[in-house]
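Undergrad: Residue numbers (this note's numbering), protein chains in the order written: chain A, -16 to 156; chain B, -16 to 156; chain C, -16 to 156; chain D, -16 to 156. Attaching a single structure in structure tokens format; questions to follow.
4 protein chains.
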Amino acid sequence: MIILNGGSSSGKSGIVRCLQAVLPDPWLAFGCDSFVDAMPARMQESDGGIVFAADGGVSVGEDFRALEAAWMHGIAAMARAGARVVIDDVFLAGAGSQQRWRAALGGIGVLWVGVRCESAVAAGREVARGDRTTGMAALQAELVHAGVVYDLEVDTTRTESLVCARTIAAHLG
Amino acid sequence: MIILNGGSSSGKSGIVRCLQAVLPDPWLAFGCDSFVDAMPARMQESDGGIVFAADGGVSVGEDFRALEAAWMHGIAAMARAGARVVIDDVFLAGAGSQQRWRAALGGIGVLWVGVRCESAVAAGREVARGDRTTGMAALQAELVHAGVVYDLEVDTTRTESLVCARTIAAHLG
Amino acid sequence: MIILNGGSSSGKSGIVRCLQAVLPDPWLAFGCDSFVDAMPARMQESDGGIVFAADGGVSVGEDFRALEAAWMHGIAAMARAGARVVIDDVFLAGAGSQQRWRAALGGIGVLWVGVRCESAVAAGREVARGDRTTGMAALQAELVHAGVVYDLEVDTTRTESLVCARTIAAHLG
Amino acid sequence: MIILNGGSSSGKSGIVRCLQAVLPDPWLAFGCDSFVDAMPARMQESDGGIVFAADGGVSVGEDFRALEAAWMHGIAAMARAGARVVIDDVFLAGAGSQQRWRAALGGIGVLWVGVRCESAVAAGREVARGDRTTGMAALQAELVHAGVVYDLEVDTTRTESLVCARTIAAHLG
Chain A
-16 MIILNGGSSS
-6 GKSGIVRCLQ
4 AVLPDPWLAF
14 GCDSFVDAMP
24 ARMQESDGGI
34 VFAADGGVSV
44 GEDFRALEAA
54 WMHGIAAMAR
64 AGARVVIDDV
74 FLAGAGSQQR
84 WRAALGGIGV
94 LWVGVRCESA
104 VAAGREVARG
114 DRTTGMAALQ
124 AELVHAGVVY
134 DLEVDTTRTE
144 SLVCARTIAA
154 HLG
Chain B
-16 MIILNGGSSS
-6 GKSGIVRCLQ
4 AVLPDPWLAF
14 GCDSFVDAMP
24 ARMQESDGGI
34 VFAADGGVSV
44 GEDFRALEAA
54 WMHGIAAMAR
64 AGARVVIDDV
74 FLAGAGSQQR
84 WRAALGGIGV
94 LWVGVRCESA
104 VAAGREVARG
114 DRTTGMAALQ
124 AELVHAGVVY
134 DLEVDTTRTE
144 SLVCARTIAA
154 HLG
Chain C
-16 MIILNGGSSS
-6 GKSGIVRCLQ
4 AVLPDPWLAF
14 GCDSFVDAMP
24 ARMQESDGGI
34 VFAADGGVSV
44 GEDFRALEAA
54 WMHGIAAMAR
64 AGARVVIDDV
74 FLAGAGSQQR
84 WRAALGGIGV
94 LWVGVRCESA
104 VAAGREVARG
114 DRTTGMAALQ
124 AELVHAGVVY
134 DLEVDTTRTE
144 SLVCARTIAA
154 HLG
Chain D
-16 MIILNGGSSS
-6 GKSGIVRCLQ
4 AVLPDPWLAF
14 GCDSFVDAMP
24 ARMQESDGGI
34 VFAADGGVSV
44 GEDFRALEAA
54 WMHGIAAMAR
64 AGARVVIDDV
74 FLAGAGSQQR
84 WRAALGGIGV
94 LWVGVRCESA
104 VAAGREVARG
114 DRTTGMAALQ
124 AELVHAGVVY
134 DLEVDTTRTE
144 SLVCARTIAA
154 HLG
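Structure representation (structure tokens):
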């Protein structure tokens, strides 16, 4: 199992698609975006769910946390049942988020990958995407890495997604 | 847990979104579409993965079945961990598909719902959607229900998604 | 040229795709959605652009109107240059919107089609789509038809998109 | 009016969104993608329309060319009616494509911008996007620039979209 953590617009999804292309075995890709899509529409803008503030801030409530914990247990079970799984997530709680994953995964082996991108560059890519709340990229660029321990870090500021993916694939050996 | 089964363009996704809106508790929605999205792009048109033929036929290979089994175990684990989960699926193997779900779910209680739609109407909705291979709706309309046992059936031919969702919600008690 | 007018979630887009499928000649489809997509992201939530209020209300500003007028002239020029064009629009200003189109189109022949859908049914389909502000369908259901003169009206409440499209195609005769 | 030309995955769309963000006046964005979306679904895989071959090759037929000519005339009319318009296109016929635009635009002033990207880098970004036929980026990287005359060229190989957009905006004066 591979878990990528990085801020919004740091390039996680592109790396995931490249990983799926370069790794010879089939890997399933899930992440915070597909998890949020699975929630009821009303939770995507509510106190108990997830709120995207106008300044780019993101906050989540108790219902969100409860569903997320169950979802993490489900992902762990897929891995235990034999699927290769790559996750891209945004550790809004930094080390606390990593701890949540560890609790759900039990003893499953994980390659922890930090995806860095300079704040100004991520903010520019956010503009280029055009579908994200302005400010999220800058707010999250450092925050999500606070206290997190990685096996490997990649930086998309000046390195293409495919090159980052090959670096990660080489670590899986 | 709720599992909806119906052919392409029978209206499953609309019913799922309405269910998430009318049920007071938050339900997570997953299904064959989000599962296929999680696969590597190359498996979405390959012998070992899933192939959408020009006539609307769909066939899946061994790699697909192996990943699907792991995915089903993961969904079961989410439910066991406390999440309410609604699935929309296309039982290409009819009763065989239902059997695969039963094997993965163990003793978890499931409301099995058949989603019917007259073949000609589903084929027309396929045209209106514009993003599906022409012919899938007609080919699957009967096929996916062969030998499947339901707690409840709804028919979208002349009944709106929201009304079908309310019927299903009422069955949950 | 064909112009369809109807409220949000009344089924215009589905009818357009069916029209493109049943008409033997190729028709180009444009509409208010593709026009809004062409605007800068910042105008999609601003006073001068278009604002989608939480209650489903939609208001547009001066910059929007100016760009829209130029866009309408461009659509007219495509038709004059020989393209068959079908438009789906939401006449927020009712007869005033129709007048704007007439001014832009000059003498080009248009088949004006009203797309009706009972308010409660459109509101239910809005829930089933899951990606629209709740309330838009109900607010617009009557409003957009105020004072508009049609060659033909279709009602999607109990008639499929493909059947509506065939009715419209027959009128082109 | 601004016309950007570059191969698939060279970064045109990102530059367009950044241009819309950095330019103080509102600019409308259209391009080959939105034009293809406007065509009937059946033309998106047919001899008279547009065909995306498995090797990444793209060919277009007579019906496509006829509709495209009308569309170009429409875009010209929008500009003449006062709209600022930015186009991103793929000049499959190189200088011939530029000539088609010139014929449609008459005397309208255009800033012609070439968007370059090294073939290998564009091919990697194609993998990272995951939704394009593999091979298109490499096949088009040089081909689309053959014989085309530009006012300005940008290269996204090692320069971010936002920086390219600022360079273009500076040229507008």
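For each residue, glycine too, the CB sits at the ideal point set by N, CA and C.
Shorter than 8 Å from the beta carbon of isoleucine 58/D to some beta carbon of chain C?
TA: True, the Cβ-Cβ gap to chain C drops below 8 Å.
Undergrad: In angstroms, rounded to a whole number, what distance separates the CA positions of glutamate 143/D and alanine 124/D?
TA: Rounded to the nearest angstrom, the two C-alpha atoms are 18 Å apart.
Undergrad: Given that serine 144/A touches chain D, what residues does it touch there, using C-beta distances under 9 Å?
TA: In chain order: Gly107, Arg108, Val110 and Ala111.
Undergrad: Taking only the alpha-carbon atoms, compute the straight-line gap between valine 43/C and valine 137/A and give it to the nearest angstrom.
TA: Each residue's Cα considered, the two are about 44 Å apart.
Undergrad: To the nearest angstrom, how far is the alpha carbon of glycine 71/C from that of glycine 89/C?
TA: The residue asked about is misnamed: residue 71/C is aspartate in this sequence, not glycine. Roughly 19 Å separates the two Cα atoms.
Undergrad: Measuring only between beta-carbons, confirm whether alanine 24/D sits less than 8 Å from chain B.
TA: Yes, its Cβ sits closer than 8 Å to a Cβ of chain B.
Undergrad: In angstroms, rounded to a whole number, what distance separates the CA positions of alanine 103/C and arginine 141/D?
TA: Alanine 103/C and arginine 141/D: Cα-Cα distance of roughly 53 Å.
Undergrad: Going by other Cβ atoms of all chains shown within 10 Å of its Cβ, with 16 needed for buried, is proline 9/B buried or exposed?
TA: Buried, because 16 or more other Cβ atoms sit within 10 Å of the Cβ of proline 9/B.
Undergrad: Bridge partners of aspartate 138/C, per DSSP?
TA: For aspartate 138/C, which the question treats as bridged, DSSP gives the partners Arg99/C.
Undergrad: Leaving out the 5 sequence neighbours to the left and right, which residues in its chain are closer than 8 Å to valine 19/C when beta-carbon positions are compared?
TA: Counting only Cβ-Cβ distances below 8 Å, and skipping sequence neighbours, we find Gln27 and Ile33.
Undergrad: How would you call leucine 2/C, buried or exposed, if buried means at least 16 neighbouring beta carbons within 10 angstroms?
TA: Classification for leucine 2/C: buried.
Undergrad: May I ask you to list, following chain order, the residues of the stretch 1 to 18 of chain A that have a beta carbon less than 7 Å from some beta carbon of chain D?
TA: Cβ contacts with chain D come from Cys1 and Ala4.
Undergrad: Determine the direct distance from the alpha carbon of leucine 50/B to that of valine 25/B, and round the result to whole angstroms.
TA: In the sequence as displayed, the identity of residue 25/B is arginine instead of valine. Those two C-alpha atoms are separated by around 14 Å.
Undergrad: Given this structure, state the Cα-to-Cα distance separating histidine 56/C from proline 23/C, to the nearest angstrom.
TA: Cα-Cα distance, rounded: 20 Å.
Undergrad: Count the other CB atoms within 10 Å of the CB of arginine 99/D; is the residue buried (16 or more) or exposed (fewer)?
TA: It is buried - the Cβ of arginine 99/D has at least 16 other Cβ atoms within 10 Å.
Undergrad: Going by DSSP, what residue range makes up the beta strand (DSSP E) through phenylalanine 35/A?
TA: Its beta strand (DSSP E) spans residues 33 to 35.
Undergrad: Out of Ala105/B, Leu145/B, Ala153/B and Leu155/B, point me to the one whose CA is closest to alanine 106/C's CA.
TA: Ranking Ala105/B, Leu145/B, Ala153/B and Leu155/B by Cα distance to alanine 106/C puts Leu145/B first.
Undergrad: I need the straight-line Cα distance from threonine 117/A to leucine 75/B, nearest angstrom please.
TA: Their backbone Cα atoms lie some 43 Å apart in a straight line.
Undergrad: Taking all protein chains shown into account, decide if arginine 48/B is buried (16 or more other Cβ within 10 angstroms of its Cβ) or exposed.
TA: The residue is exposed, with fewer than 16 neighbouring Cβ atoms inside 10 Å.
Undergrad: I want to verify the contact list: residues of chain D whose CB lies under 8 Å from the CB of valine 104/A, in sequence order.
TA: In chain order: Glu143.
Undergrad: Taking only beta-carbon positions, decide if glycine -3/C is within less than 8 Å of chain B.
TA: At least one chain B Cβ lies under 8 Å of glycine -3/C.
Undergrad: Going by beta carbon distance, what residues of the same chain come within less than 7 Å of phenylalanine 13/D, once the five residues before and after it are set aside?
TA: Answer for phenylalanine 13/D: Ile58, Val68 and Ile70, listed in chain order.
Undergrad: For the stretch 46 to 76 of chain B, enumerate the residues whose C-beta is nearer than 9 Å to any C-beta of chain A, in chain order.
TA: Within the stretch 46 to 76 of chain B, the residues whose Cβ lies closer than 9 Å to some Cβ of chain A are Asp46, Phe47, Ala49, Leu50, Ala52, Ala53, Trp54, Met55, His56, Gly57, Ile58, Ala59, Ala60, Met61, Ala62, Arg63, Ala64, Gly65, Ala66, Arg67 and Val68, listed in chain order.
Undergrad: Tell me whether valine 127/A is buried or exposed, calling it buried when 16 or more other Cβ atoms sit within 10 Å of its Cβ.
TA: So valine 127/A counts as buried.
Undergrad: DSSP state of aspartate 38/C, grouped into three classes?
TA: Residue state, collapsed to three classes: coil.
Undergrad: Could you round the C-beta distance between leucine 122/C and glycine 39/C to whole angstroms and report it? I think they count as a contact, below 8 Å.
TA: Indeed, because the Cβ distance is near 5 Å, the residues count as touching under 8 Å.
Undergrad: Select from Ile91/D, Leu94/D, Ala60/D and Asp16/D the residue whose C-alpha is nearest the C-alpha of glycine -10/D.
TA: Measuring from the Cα of glycine -10/D, the nearest candidate turns out to be Asp16/D.
Undergrad: Quick test of your reading: alanine 37/B and glycine -3/C, contact by CB under 8 Å. State the CB separation rounded to the nearest angstrom.
TA: Rounded, the Cβ-Cβ distance is 23 Å, inconsistent with contact.
Undergrad: Within the same chain, show all residues whose beta-carbon is closer than 7 Å to that of glutamate 45/B, passing over the 5 residues directly before and after it, in chain order.
TA: Hits under 7 Å: Gly31.
Undergrad: Measure from the C-beta of alanine 148/A to each C-beta in chain B and report whether the shortest distance is under 8 Å.
TA: Taking Cβ atoms only, chain B never reaches closer than 8 Å to alanine 148/A, which makes this a no.
Undergrad: Is there a Cβ from chain B that is less than 8 Å from the Cβ of alanine 21/A?
TA: True, the Cβ-Cβ gap to chain B drops below 8 Å.
Undergrad: Roughly how many angstroms lie between the CA atoms of alanine 78/A and aspartate 114/A, to the nearest whole one?
TA: C-alpha separation (whole angstroms): 28 Å.
Undergrad: For valine 41/C and glycine -6/C, what's the separation of their Cα atoms in angstroms?
TA: Cα-Cα distance, rounded: 18 Å.
Undergrad: Near glycine -1/C, which residues of its chain fall below 6 Å by C-beta distance, leaving aside the five closest residues on each side in sequence?
TA: It is valine, not glycine, that sits at residue -1/C in the sequence shown. Answer for valine -1/C: Ala12, Val69 and Asp71, listed in chain order.
Undergrad: Just to confirm, is the Cβ distance from valine 93/A to methionine -16/A under 8 Å?
TA: Their beta carbons are under 8 Å apart, which means valine 93/A touches methionine -16/A by this criterion.
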